[in-house]
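Down below is the structure, laid out as structure tokens.
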């Protein structure tokens, strides 16, 4: 019997512990499988055989979610051999086969396509035969015919589905969507009728109403005036948010439409509606509503066998013994002695010494107790008397101020090394007190020598200071600008506060519906997997909802329709209980605990699958943890009646584990977790009747664990430094861990996050999804240690590689002068100059097989748009060097000019603003870069600095041109927003030139001289008229993060002969390549990229919209004609050029100029329209985003022929669950020295 139990337990872990979370995938329009008879006699199936069928079901559903269509289909066919009429297997098989067929492209070939279509139709017909009244079969078959470009047949099938469920708006939307691909009058008529029905069903849906108004306006039925009134009612409350995101006020266009209609010009009124449609349909509100209508095939998945089978399976699972390790929480030998009644407590390493402190609040006294070693007693470290009497407090780093001993390097290794790594988190957490009297902020600092904690009360922002009766404060980066903002519940109302820096907070204007709701609790989380921080809300009536982040400081209230049913709701917690990558909601209340399971079939669309009661005991608060380190989340509930401990299992069940508690204090107020004795498992600190009780976890560390510590430092030259793109501790980031087939997911809420990994010696991978959307993998971290990880680069520009005679090598990055959607520190959109002329040294581009070959790649989280790419050969005498003007700046200072230099002269001296000699670094271009500034404030922004250059001249030359070779590390648009919000920051000042006047004082003579764009480039500055006296010194002043490799000047004005030849492009092929490994250069050099070390897995979330299809794209880049090459991460264009017609003359050498016309848009969460490919830019646009009245000139034929490729959205989110270990190992850029 013991062997039998062990065998069943092993099978259970394989089946359910590995992939069992897919039990909970929901059924959308599913047939009533639970009541269908099975032809197989269950009594003839052994328990092992039944568990094997469950394994096939779970793996099949998992593979469906991971888009492994054929593998999934094989699983369900296996089930059908045992259960030939299983609705689960038949329906899921139809989904798998249909999805595989729809995903085929032209490269699949006719035989594969025909075979796939046949299998899809056969499986669909089998489903319809079993359940003829279910609309799913009609909808799946319609998609098969839509793929075959047969919209008439597709609409006939969808119409049949609509007859079965006439009130389902998603079917009517699908009819409308299919109709848009056809010009057939009957199809168009069906589409209009479907749109009208859709609007009747969901008049509040912004997308549906916008489409209906525009379509109906052409018929004047109903009258145009009624349509405009309806549109005004719908859009008025949404207009401020739309304007923030798009920079356009839709109500302005609506007023124009009304004015035109009143003057009798209905044609003009209709024309004014089109810009509204373009703006609104591109906005997050409309896209969110579209998600509600556009059903993914995965929403039809069925998860349950028949009722009889499920009951038998449940019995088998209940008979399996749970092989848990023995754990006991026992009263600690050393307790914290506090005489005053304690109201609140936290466990945190406040002084960054690697040891946890216990912080307590007693009336007006705030204390900290700590141990100098695990074996010693708890000693009071500090005590502060407050002016107010708060009831609660939290800790959060509000100012990102680094300590004097700041370190920022990634460490993994032994436990001792891990403890050192913890100390490298070097930004102090501040303290936020709150209660009846409001919110009070305290800045934390350390005494320089003693490291004693000091607290300084900070004046609160006026509006924040007015709040009273505050019950909850949550700190998270709501605005995605790199600092922690606040969500506050006061008097039952939720308000959000944007961190402006320097402890100043500005109220975020919420959706007016959000200001009316009565809120009990809230949590910050990326709820819908769209890489921004939402706010999950529990209302006083038990309802659940979300303040959905639409970016650019706008939030939209969205009720879920789910409601807590166990009395008055009190507390929220989030877990991925079923391990399917989607957050599940735990709600505790006066009559128990309820869990709401969810899934995310596609990004932005969260679906609730079912709810369960976990406990019927009263609950005031909930705590998620893994006290036995087995990898299955446990739960503690706290109430005045005591504490209840629920233990998570492989079967996704919570079992009562109160026997783990050796003592059971009553009247509990709080419980906190933390590894107080540093032995690898979480201990507990309880607050009961004003007293603090410490309980030691004995036994939890029999299983292994991994602690993850995040450092928001930018990697550079194999070290890290503060960038401030992300809050220092990565609070709000998402962590995923995989060991074997077991998947775990947690939100980062504190400087360290603990994962249990059972008996496994290591995890396969830890995946970090930073709050700014950048993913990062830590491969095979060992058990029982702390893993510290730094953030990586997300955006730059397309890269250029050339064949140098031996290999393809990185040259530089492109399109640096033409960012679109980028906000500067003044809150304005940066102007884009779409052209550039970049020099390629002849040593970098050699002939191969009678061709010059270059590669242009897109490797980061951005979209590149090329309208033209030309390669120009420049032949010139060997004794003369040529330079283009590769600077960022307006055309007036960066116009294309070929500079010829015979005598490159070094300055007499070059020093920085504190007198540091820079001559050694700038003497020659050798990869040793001068760093003029002394302190970096944040990525791209430094202290004010200058380079003083003495040219050593005694008289004014007729011409003096300064050449500087260097690179820039920029801020990004998120940092620029943070700078704009902070009244004490001026932002990076671009380079300017100063020269001495008659009094010897340096004054500005060239306000803006430009700077090198991105990686290493050379810029030219004409200084001929920059001097005011015969003192020939200048200062190049800036607070941008610039590095210089070489500085020289020329006093020549050469016009020697050279030969310029534009080379013929013979081929340009676009394909998927992946991304390159990264090489960190020493001595302040920029990163370089290793073409031959390719990573196939693109580590970025998909950007919404259509890119250029793969294949021949030469037509798109030959001329500036508004036919753009549009590429995303992982794409590569392979270009070949004929050799010049004129051969190279004796005594001459050949360099090249690459002339590009194009733009680049990164996906930073603050880039305007950064989440979408469109709108497509064009030469001549007045701004970007351009006025929607301005007609984009992109040819329709070009759009239909080339702009057809869409990026898969779900691969990014399931990478850790679906990838093999080898794929995970190759998913991180290789970092070489």
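Numbering (this note's numbering), first residue to last: 2 to 1234.
Every residue gets a Cβ at the ideal spot worked out from N, C-alpha and C, and that includes glycine.
The beta-carbon separation of residue 440 and residue 489, rounded to 7 angstroms, stays under the 8 angstroms limit for a contact. Under DSSP, the beta-bridge partners assigned to residue 371 are 380.
For the 8 angstroms CB-CB criterion, residue 666 and residue 687 form a contact. Counted as a single uninterrupted DSSP element, the beta strand (DSSP E) harbouring residue 586 occupies residues 585–590. A distance below 8 angstroms between beta-carbons, with the five flanking residues on each side excluded, links residue 661 to the following residues of its chain, in chain order: 328, 329, 330, 628, 646 and 648. If you draw a 10 Å sphere on the C-beta of residue 136, you find 16 or more other C-beta atoms in it, and that means buried. Exclusion of the five residues before and after residue 389 leaves 365, 434, 436, 438, 439 and 441 as the residues of its chain whose Cβ lies within less than 8 angstroms of its Cβ. For residue 857, the enclosing beta strand (DSSP E) covers residues 852–858.
Residue pairing by DSSP puts residue 644 in a beta bridge opposite 639. Residue 390 carries a coil assignment under DSSP once its states are collapsed to helix, strand and coil. By the CB criterion at 8 angstroms, residue 1132 and residue 858 fall inside the cutoff. Taken in chain order, the unbroken stretches of beta strand (DSSP E) that lie wholly in the segment 806–884 and span 3 residues or more are 809–814, 836–841, 852–858, 863–878 and 882–884.
The three-state secondary structure of residue 1182, taken from DSSP, is coil. Relative to the Cα of residue 295, the nearest Cα in the group 309, 306 and 140 belongs to 140. Per DSSP, reduced to three states, the secondary structure at residue 448 is coil, with no helix or strand assignment.
Judged by beta-carbon spacing, residue 521 lies beyond the 8 angstroms limit of residue 545, meaning their Cβ atoms are not closer than that value. Taking a cut-off of 8 angstroms on C-beta distances, the segment 888–904 does not touch the segment 1166–1182, as fewer than three cross pairs fall below it. Rounded to whole angstroms, the separation of the alpha carbons of residue 316 and residue 80 is 20 angstroms. Using a Cβ-Cβ distance cut-off of 8 angstroms, the segment 725–734 and the segment 759–775 are in contact, since at least three pairs of beta carbons, one from each stretch, lie closer than that value. By the beta-carbon neighbour count (other beta carbons within 10 angstroms, threshold 16), residue 1057 is exposed. In the structure shown, residue 188 adopts helical secondary structure according to DSSP, grouped into three states. Setting aside the 5 residues that flank it on each side, residue 576 is surrounded in the same chain by 585, 587, 625 and 634, each with a C-beta closer than 7 angstroms to its C-beta; the list follows chain order.
In summary, residue 149 is exposed, with fewer than 16 beta-carbon neighbours lying within 10 Å of its beta-carbon over all protein chains present. With respect to the C-alpha of residue 912, the residue from 949, 899, 97 and 897 having the closest C-alpha is 949.
The criterion of a C-beta distance shorter than 8 angstroms is satisfied by residue 481 and residue 534.
Non-local beta-carbon contacts of residue 1032 in its own chain, meaning distances under 8 angstroms to residues more than five positions away in sequence, involve 996, 997 and 1001 in chain order.
Inside the segment 434–511, DSSP marks whole beta strand (DSSP E) runs of 3 or more residues at positions 439–447, 454–459, 471–477, 486–491, 494–502 and 505–509, from first to last along the chain. In the three-state reduction of the DSSP assignment, residue 689 falls in the strand class, which pools E and B. With at least 16 other beta carbons inside 10 angstroms of its own, residue 557 counts as buried.
About 18 angstroms separates the Cβ atoms of residue 463 and residue 494, ruling out a contact at the 8 angstroms cut-off. The C-alpha of residue 695 lies about 28 angstroms from the C-alpha of residue 570.
Counted as a single uninterrupted DSSP element, the beta strand (DSSP E) harbouring residue 558 occupies residues 555–564. A straight-line Cα-Cα distance of about 21 angstroms links residue 607 and residue 97.
Residue pairing for residue 1066: DSSP places it in a beta bridge opposite 1138. In the three-state reduction of the DSSP assignment, residue 525 falls in the strand class. Excluding residues up to 5 positions away in sequence, 520, 523 and 546 lie with their Cβ nearer than 6 angstroms to the Cβ of residue 538 in the same chain.
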